[in-house]
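So the sequence lines, in the order shown, correspond to chains A and B. When you line the first sequence up against this note's numbering, it's residues 81 to 223, in that order. When you line the second sequence up against this note's numbering, it's residues 81 to 223, in that order. Ideal placement from N, C-alpha and C gives every residue a C-beta, glycine not left out. Right, one structure below, let's go through it.
There are 2 protein chains.
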Amino acid sequence: MLSKKCKYAIHALVYLAERYQQGPVHIQDIAEAQHIPKKFLEAILLEMRNAKILHSKKGKGGGYYLYKKPEDVNMVEIIRLMDGAISLLPCVSLNYYEPCEECRDEVTCGIRDAFTGVRDETLKLLAKSTLAHIVKRQRELGK
Amino acid sequence: MLSKKCKYAIHALVYLAERYQQGPVHIQDIAEAQHIPKKFLEAILLEMRNAKILHSKKGKGGGYYLYKKPEDVNMVEIIRLMDGAISLLPCVSLNYYEPCEECRDEVTCGIRDAFTGVRDETLKLLAKSTLAHIVKRQRELGK
DNA sequence: TAATAATCTATTAATTTGATAGACTTTAGT
DNA sequence: ACTAAAGTCTATCAAATTAATAGATTATTA
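Given below as structure tokens:
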């Protein structure tokens with residue numbers, strides 16, 4: 081399951097993607113519209129800013145806006161940033177690999193197979209899911 | 081990521097599957113072989129016993145053993161039992177469905193799509209991964 | 001009936017997640 | 001220059017979940 085933090089991040093990004101190239105948006109506005117605790121959202125947005133997904137402008141008339149293009153931000157990137165590994169087991173993770181304490185021998189471990197497959201399929205599907213797709217889909221559905 | 085509890089469960093089950101139809105195995109043996117805290121393992125095994133995956137025998141010469149056939153126990157069942165939902169979002173979960181607090185309208189939510197796909201693929205792959213498969217694979221790999 | 005091994009109830013420790021408070025910095029407009 | 005607006009930084013705290021432990025109880029077999 082994704083953490084609340086991650087879900088907040090996705091919702092905030094979709095909100096910003098809907099307003100792409102329309103100038104900075106206040107944290108306050110995003111927080112209210114998406115029902116996210118403002119202070120918590122601050123930390124989340126800051127993290128995405130440090131990851132170069134967002135940019136911000138301080139002072140009056142400031143706020144946050146998408147730095148990357150909506151078609152270049154996908155779910156894999158966001159989930160990794162917020163929650164860490166996509167894989168279900170650390171020993172099959174590409175970005176957060178850790179050897180399993182339990183398994184003496186990774187090579188002869190019969191468990192990893194299925195989870196490697198799951199990882200690959202998940203990555204494939206989530207990588208295709210970009211902010212552009214999500215916004216497009218919501219517009220089609222007449223939001 | 082799977083919890084430690086779930087990983088312990090999988091390892092214990094594989095251990096029992098390797099000894100299918102060879103009589104009861106002591107908790108102690110499993111705990112030592114798989115490096116699982118015994119008391120913690122007790123709770124895990126009990127839960128799987130209540131779910132009719134395992135049976136147990138009390139008293140001298142007692143222990144735990146697989147009740148279901150190794151080919152009938154797959155990763156989906158175990159993960160759901162130990163950790164709950166397979167899905168990444170509660171609103172796309174088949175067995176642990178909950179409406180998203182954030183989403184006002186599920187029908188027009190553009191986010192769910194990708195996660196529904198991930199859920200389906202994950203279920204498909206994990207359902208194919210049975211104890212029988214895992215044991216077979218480990219034997220092939222010469223464990 | 002004694003030893004063995006699972007079961008049950010309760011508690012505790014550790015970690016992670018979610019949320020908040022307040023001082024500080026930058027910027028725009030007057 | 002001053003002031004209000006809005007993001008930034010540091011620190012902490014609360015809640016929830018996960019992991020682990022302790023001890024008494026029950027059932028079984030030899």
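When you compare the CB positions of residue i and residue j, do they come within less than 9 angstroms of one another, or not?
i, j, result
"leucine 93/A", "glycine 190/B", "no"
"isoleucine 133/A", "leucine 161/A", "yes"
"glutamate 157/B", "proline 170/B", "no"
"glutamate 201/A", "glutamate 201/B", "yes"
On the criterion of 16 or more Cβ atoms from any shown chain inside 10 Å, does residue i qualify as buried, or is it exposed?
i, result
"lysine 119/A", "exposed"
"glycine 143/A", "buried"
"leucine 205/B", "buried"
"histidine 115/B", "exposed"
"valine 187/A", "exposed"
"lysine 138/B", "exposed"
"histidine 106/A", "exposed"
"lysine 148/B", "buried"
Beta-carbon within less than 6 angstroms of residue i's beta-carbon, same chain only, minus the 5 sequence neighbours each way: which residues are those?
i, result
"isoleucine 110/B", "Ala92, Tyr95"
"tyrosine 176/A", "Gly164, Ala165"
"glutamine 108/B", "none"
"alanine 207/B", "Asn154, Val156"
"methionine 128/B", "Leu134"
What residues in its chain sit with their C-beta under 7 angstroms from that of residue i, if we drop five residues either side in the sequence?
i, result
"serine 209/B", "Asn154, Met155"
"valine 215/B", "Val94, Ala97, Glu98, Pro150"
"serine 83/B", "Met162, Asp163"
"leucine 146/A", "Leu96, Ala97, Tyr100, Leu134"
"leucine 211/B", "Leu93, Val94, Ala97, Pro150, Val153"
"isoleucine 49/B", "In this structure chain B extends from 81 to 223, so residue 49/B is not present and cannot be described."
"leucine 126/A", "none"
"alanine 76/B", "No statement about residue 76/B is possible, as the shown extent of chain B runs from 81 to 223 and does not include it."
"leucine 121/A", "Tyr88, Ala92, Ile107, Ile110, Ala111"
"leucine 203/B", "Val156, Ile166"
Using DSSP bridges, identify the partner residues of residue i.
i, result
"lysine 137/A", "Gly143/A"
"asparagine 154/B", "Thr210/B"
Identify the continuous alpha helix (DSSP H) that holds residue i and give its terminal residues.
i, result
"lysine 119/A", "118-130"
"aspartate 109/A", "107-114"
"valine 94/A", "84-98"
Please list, in chain order, all residues of the same chain as residue i whose beta carbon is under 8 angstroms from its beta carbon, the five residues on each side excluded.
i, result
"valine 172/A", "Arg192, Phe195, Thr196, Arg199"
"proline 104/A", "Ser136, Lys137, Gly141, Gly142, Gly143, Tyr144, Tyr145"
"isoleucine 159/A", "Leu82, Cys86, Ile166, Leu206"
"leucine 117/A", "Here residue 117/A turns out to be proline, not leucine, going by the sequence shown. Excluding residues within five positions, the ones whose Cβ falls inside 8 angstroms are Ala111."
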